Amino acid sequence: MPHEASCLPTTALAASLLLAAWPAVADEPVVIAHRGASGYLPEHTLEAKALAHGLGADYLEQDVVLTRDGVPIVLHDLWLEELTDVATVYPGRARADGRWYAIDFTLEEIRRLRQHERRAPGGAALRWPGRFDAAGVGFRIHTLAEELAFIAGLNRSTGRHAGVYPEIKEPAWHHAEGKDITLAVLEVLAAAGYSRRGDDIYLQCFDPRELERIRFELKSELRLVQLIGDAGEVEGVAFAAMRTDEGLDRVAAYADGIGPHLSHLATLAPGAPPQSTGLVERAHRRGLRVHPYTFRVEQLAGWGLTAGQLNHWLFAVERADGLFTDQPDVTRAWLDRRPAAAPP
Ligand code: CA
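The opening residue of the sequence shown carries number -8 in this note's numbering; numbering runs sequentially from there.
This is the structure in structure tokens:
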């Protein structure tokens, strides 16, 4: 088949040129299941993690807070009332601000709670109407150690590997409460086999001081991701400044990637194509991966984009390295069907 034979070197050359043209950090983009497949099952439940694994997520996310007895549990909020029946089970144990904080309860007490889909504070309305809402199913909150063991089990039984992507929540707040969440999390991670540079984990946090501590003081080798807050400044952390060239230079000294809000990458508005801020390119120049948050099917209409248009813009135009997504199957399907990599 002379025709095929003559085509082969050209194709191989073209492929090698394409590869050479990709930025150094542009591996295959990764699908990060945001709180599990939280678009389909209550966030952070083991059921939501199992579904995300089955739907092809490359990484499963864990938000982590501490219990009263210092155990890292997988929970997004510092408090319990938007996701559980804590107000019914433990009336009278809210703080003055009306919230039931996880850190005021032992693990044993938290295990008695039943978890449900997220509801608006003080109301019966689902935060995301249309999502899973089966009263009486009785989901439970679990520990970080249990989830890591669960994922290791899935990786073994399916032969398909997914990495982990824990977030240390509010380290300064935990410290003010007399607890060192970072040490507790690193200990659980190490026990589960996540302590070395090559381990398949990203450890994320919004607090740059804590990430610097993890890298320089605690000398962790793990891949670190600096989350960038939606607001300009929170508790002394200037998130807007973090997105400047000088800010990215500082982040690149301790982190391996950034987790910006999608709106930090471009102006997203109905009726106009996304206008890039150049953040992905500037981060790539510093060797930082870019994993923006959060894809939700429910929010696409507000940006005037279809799922396909958003994924095309994010991965084919901006060349982001991954995406936090509530619907990991949507992102997975787009990445699996996309055309071969085009020149940047
Ligand atoms: Ca998170």
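By construction, the Cβ of each residue, glycine as well, lies at the ideal position given by its N, Cα and C atoms.
This structure is a prediction, so every number in the text was calculated from the model and none was measured.
Cβ-Cβ distance between residue 343 and residue 145 below 8 Å:
Beyond the ends of the chain as shown, which are -8 and 335, falls residue 343; an answer cannot be given.
For residue 41 and residue 142, what's the separation of their Cα atoms in angstroms?
8 Å
Straight-line gap, residue 123 to residue 208 (C-alpha atoms, nearest Å):
43 Å
If you measure from each residue's Cβ to the nearest non-hydrogen atom of ligand 1, which ones come out under 5 Å, in chain order?
54 and 158
What would DSSP say about residue 195, mapped onto helix, strand or coil?
strand
What are the boundary residues of the beta strand (DSSP E) that residue 250 is part of?
248 to 250
Between which two residues does the alpha helix (DSSP H) containing residue 273 stretch?
270 to 276
Measuring CB atoms only, is the segment 314 to 325 touching the segment 284 to 295, in the sense that at least three cross pairs come out at less than 8 Å?
yes
List the endpoints of the continuous beta strand (DSSP E) containing residue 52.
50 to 57
Leaving aside the five residues before and after residue 253 along the sequence, list all residues of the same chain whose C-beta is less than 6 Å from its C-beta, in chain order.
283
Once you ignore the five residues that flank residue 304 on each side, which residues in its own chain have a CB closer than 6 Å to its CB?
265
Residues that DSSP places opposite residue 70 in a beta bridge:
92
Measuring only the C-alpha atoms, how far is residue 179 from residue 196?
17 Å
Please classify residue 235: is it buried, with 16 or more other beta-carbons within 10 angstroms of its beta-carbon, or exposed?
exposed
Distance check for residue 18 and residue 312, CA to CA, integer angstroms please.
7 Å
Who pairs with residue 31 in a beta bridge, going by DSSP?
Per DSSP, none; premise fails for residue 31.
Please specify which runs of the alpha helix (DSSP H), each continuous and at least 4 residues long, are wholly inside the segment 133 to 184, giving them in chain order.
135 to 149, 162 to 167 and 172 to 182
What whole-angstrom Cβ distance do residue 279 and residue 306 have, given they're in contact under 8 Å?
No, residue 279 and residue 306 are not in contact; Cβ-Cβ is about 17 Å, not under 8 Å.
Straight-line gap, residue 24 to residue 85 (C-alpha atoms, nearest Å):
31 Å
Compare the C-alpha of residue 159 against each of 125, 194 and 181 and name the closest.
194
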